[in-house]
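Using my numbering, count along the sequence shown one by one with no gaps and you end on 1084.
Yeah, the Cβ is synthetic: ideal placement off N, Cα and C, and Gly gets one too.
Written out below as C-alpha coordinates is the structure these notes cover.
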Amino acid sequence: MTGKFFADYSQFIVIPEEEKKTSTKEFNPADFASHFILTLSLYDALVTKWSDAGKYEVVPEKGIETVLEDFNLRQRDAVYLQLLELDKEKSYFVMALSIKEELSREESALKISQIVEKMLTNPFYIGQSWYKLIGDKGRIQRKLFCFSFKEYTAGG
929 MTGKFFADYS QFIVIPEEEK KTSTKEFNPA DFASHFILTL SLYDALVTKW SDAGKYEVVP
989 EKGIETVLED FNLRQRDAVY LQLLELDKEK SYFVMALSIK EELSREESAL KISQIVEKML
1049 TNPFYIGQSW YKLIGDKGRI QRKLFCFSFK EYTAGG
(Lines of atoms letter the chains of each structure in order from A and count residues from 1; the text may use other names and numbers.)
(Lines give C-alpha, C1' and ligand atoms only; values in the text may rest on other atoms or scores of the structure.)
Protein backbone atom coordinates (compact mmCIF):
# COMPACT_ATOMS: atom_id res chain seq x y z
CA MET A 1 0.00 0.00 0.00
CA THR A 2 1.31 3.41 -0.90
CA GLY A 3 0.86 6.71 0.88
CA LYS A 4 -1.39 7.92 -1.92
CA PHE A 5 -4.20 5.44 -1.20
CA PHE A 6 -6.17 8.01 0.85
CA ALA A 7 -5.19 10.97 -1.34
CA ASP A 8 -8.82 11.74 -2.21
CA TYR A 9 -10.11 11.44 1.38
CA SER A 10 -11.57 14.97 1.32
CA GLN A 11 -14.47 13.74 -0.82
CA PHE A 12 -15.53 11.43 2.01
CA ILE A 13 -15.65 13.93 4.86
CA VAL A 14 -19.06 14.11 6.50
CA ILE A 15 -19.18 16.64 9.30
CA PRO A 16 -21.32 15.31 12.18
CA GLU A 17 -24.25 17.43 13.20
CA GLU A 18 -24.02 18.71 16.72
CA GLU A 19 -26.42 16.87 18.98
CA LYS A 20 -29.00 19.17 20.46
CA LYS A 21 -28.38 19.42 24.18
CA THR A 22 -31.85 20.42 25.25
CA SER A 23 -35.09 18.75 24.49
CA THR A 24 -37.87 21.10 23.52
CA LYS A 25 -40.49 18.41 23.97
CA GLU A 26 -42.24 18.51 27.33
CA PHE A 27 -43.14 15.31 29.19
CA ASN A 28 -46.62 14.09 28.32
CA PRO A 29 -47.83 11.10 30.40
CA ALA A 30 -50.22 10.07 27.60
CA ASP A 31 -47.18 9.27 25.42
CA PHE A 32 -46.22 6.41 27.77
CA ALA A 33 -48.08 3.17 28.51
CA SER A 34 -46.48 2.22 31.84
CA HIS A 35 -45.66 4.41 34.83
CA PHE A 36 -43.84 3.44 38.02
CA ILE A 37 -42.73 5.09 41.23
CA LEU A 38 -39.14 4.08 42.07
CA THR A 39 -37.60 4.46 45.48
CA LEU A 40 -33.81 4.25 45.51
CA SER A 41 -31.39 4.14 48.42
CA LEU A 42 -27.66 3.55 48.53
CA TYR A 43 -26.42 -0.01 48.93
CA ASP A 44 -23.88 -0.33 51.76
CA ALA A 45 -24.27 3.39 52.42
CA LEU A 46 -21.72 5.45 54.32
CA VAL A 47 -24.28 8.24 54.85
CA THR A 48 -27.53 8.04 56.79
CA LYS A 49 -29.07 11.07 55.11
CA TRP A 50 -28.36 13.04 51.93
CA SER A 51 -27.18 16.10 53.83
CA ASP A 52 -24.11 14.06 54.91
CA ALA A 53 -23.00 13.54 51.29
CA GLY A 54 -21.07 16.82 51.32
CA LYS A 55 -18.48 15.17 53.57
CA TYR A 56 -17.62 12.99 50.58
CA GLU A 57 -17.63 15.88 48.09
CA VAL A 58 -20.88 14.71 46.49
CA VAL A 59 -23.84 16.99 45.75
CA PRO A 60 -26.84 14.66 45.38
CA GLU A 61 -29.27 17.22 43.91
CA LYS A 62 -26.87 18.30 41.16
CA GLY A 63 -25.82 14.72 40.44
CA ILE A 64 -29.39 13.49 40.04
CA GLU A 65 -30.29 16.46 37.86
CA THR A 66 -27.29 15.87 35.58
CA VAL A 67 -27.82 12.11 35.26
CA LEU A 68 -31.56 12.40 34.60
CA GLU A 69 -31.10 15.11 31.99
CA ASP A 70 -28.56 13.00 30.12
CA PHE A 71 -30.62 9.82 30.55
CA ASN A 72 -33.77 11.44 29.15
CA LEU A 73 -31.87 12.87 26.17
CA ARG A 74 -30.37 9.49 25.36
CA GLN A 75 -33.57 7.52 25.79
CA ARG A 76 -35.59 10.01 23.75
CA ASP A 77 -39.18 8.84 23.85
CA ALA A 78 -38.77 5.21 25.00
CA VAL A 79 -38.19 5.83 28.72
CA TYR A 80 -38.49 8.96 30.86
CA LEU A 81 -37.32 9.58 34.43
CA GLN A 82 -38.08 12.49 36.71
CA LEU A 83 -37.20 13.23 40.31
CA LEU A 84 -40.21 13.46 42.60
CA GLU A 85 -38.60 13.68 46.03
CA LEU A 86 -35.18 14.21 47.54
CA ASP A 87 -35.31 15.15 51.20
CA LYS A 88 -31.86 15.98 52.60
CA GLU A 89 -32.85 14.42 55.93
CA LYS A 90 -33.77 11.04 54.41
CA SER A 91 -31.61 8.26 53.02
CA TYR A 92 -33.56 7.62 49.83
CA PHE A 93 -34.97 9.49 46.84
CA VAL A 94 -38.07 8.94 44.74
CA MET A 95 -38.39 9.06 40.96
CA ALA A 96 -41.13 8.55 38.42
CA LEU A 97 -40.34 6.17 35.58
CA SER A 98 -42.43 6.17 32.43
CA ILE A 99 -41.99 3.53 29.75
CA LYS A 100 -43.39 3.72 26.23
CA GLU A 101 -44.53 0.10 26.06
CA GLU A 102 -47.16 -1.75 28.09
CA LEU A 103 -45.42 -4.24 30.40
CA SER A 104 -46.60 -7.29 32.33
CA ARG A 105 -45.65 -7.60 36.00
CA GLU A 106 -42.70 -9.88 35.19
CA GLU A 107 -41.54 -7.75 32.29
CA SER A 108 -41.67 -4.59 34.39
CA ALA A 109 -39.47 -6.10 37.12
CA LEU A 110 -36.90 -7.14 34.52
CA LYS A 111 -37.02 -3.83 32.62
CA ILE A 112 -36.76 -1.69 35.76
CA SER A 113 -33.89 -3.78 37.09
CA GLN A 114 -32.09 -3.33 33.76
CA ILE A 115 -32.67 0.44 33.80
CA VAL A 116 -31.44 0.91 37.37
CA GLU A 117 -28.54 -1.54 37.34
CA LYS A 118 -27.26 -1.06 33.81
CA MET A 119 -28.32 2.41 32.68
CA LEU A 120 -28.36 4.49 35.87
CA THR A 121 -25.72 2.98 38.12
CA ASN A 122 -22.66 3.82 36.01
CA PRO A 123 -23.47 7.52 35.45
CA PHE A 124 -24.00 7.93 39.20
CA TYR A 125 -21.17 5.63 40.27
CA ILE A 126 -18.46 7.04 38.01
CA GLY A 127 -19.83 10.24 36.50
CA GLN A 128 -21.06 11.74 39.77
CA SER A 129 -18.52 9.98 42.06
CA TRP A 130 -21.22 8.32 44.15
CA TYR A 131 -18.84 5.41 44.72
CA LYS A 132 -17.56 7.61 47.56
CA LEU A 133 -20.91 7.19 49.32
CA ILE A 134 -20.79 3.39 49.59
CA GLY A 135 -18.58 1.03 51.57
CA ASP A 136 -16.21 -1.70 50.45
CA LYS A 137 -18.99 -4.28 50.12
CA GLY A 138 -20.78 -2.06 47.59
CA ARG A 139 -17.59 -1.25 45.70
CA ILE A 140 -16.55 -4.89 45.45
CA GLN A 141 -19.98 -5.90 44.15
CA ARG A 142 -20.12 -2.68 42.12
CA LYS A 143 -23.63 -2.22 43.37
CA LEU A 144 -24.79 1.30 44.09
CA PHE A 145 -28.54 1.14 44.65
CA CYS A 146 -31.19 -0.82 46.42
CA PHE A 147 -34.53 -0.06 44.88
CA SER A 148 -38.20 -0.83 45.01
CA PHE A 149 -41.00 0.12 42.66
CA LYS A 150 -44.73 0.18 42.38
CA GLU A 151 -46.86 0.67 39.30
CA TYR A 152 -48.49 4.08 39.26
CA THR A 153 -52.04 4.56 38.14
CA ALA A 154 -53.47 8.07 38.15
CA GLY A 155 -55.86 8.60 41.02
CA GLY A 156 -54.54 5.91 43.29
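For residue i: DSSP bridge partner residues
{"i": "residue 1023", "result": "966, 1011"}
{"i": "residue 973", "result": "1062"}
Beta-carbon contacts of residue i that lie in its chain and below 6 Å, excluding the five residues immediately before and after
{"i": "residue 984", "result": "1060, 1061"}
{"i": "residue 1025", "result": "964, 966, 1009"}
Span of the beta strand (DSSP E), counted from its first residue to its last, around residue i
{"i": "residue 1073", "result": "1073 to 1079"}
N- and C-terminal bounds of the alpha helix (DSSP H) containing residue i
{"i": "residue 1064", "result": "1064 to 1069"}
{"i": "residue 1002", "result": "988 to 1003"}
{"i": "residue 1042", "result": "1033 to 1042"}
Same chain, Cβ closer than 8 Å to residue i, neighbours up to 5 away in sequence not counted
{"i": "residue 981", "result": "975, 987, 988, 1061"}
{"i": "residue 995", "result": "1048, 1051, 1052, 1055, 1056"}
Contact set for residue i: own chain, Cβ-Cβ below 7 Å, skip 5 residues either direction
{"i": "residue 1030", "result": "961, 962"}
{"i": "residue 973", "result": "1019, 1061, 1062"}
Closer than 7 Å: residue i CB and nearest the ligand ADP heavy atom
{"i": "residue 1069", "result": "You won't find the ligand ADP in this model; it holds no ligand whatsoever."}
**Prompt:** Would you say the region 1015 to 1022 touches the region 939 to 946, given that touching needs at least three Cβ pairs under 8 Å?
**Reply:** no
**Prompt:** If we count Cβ pairs, one from each stretch, closer than 8 Å, do we get three or more for the region 996 to 1007 versus the region 1070 to 1082?
**Reply:** no
**Request:** Count the C-beta pairs between the region 1045 to 1057 and the region 954 to 963 that are closer than 8 Å, then say yes if the count reaches three, no if not.
**Result:** no
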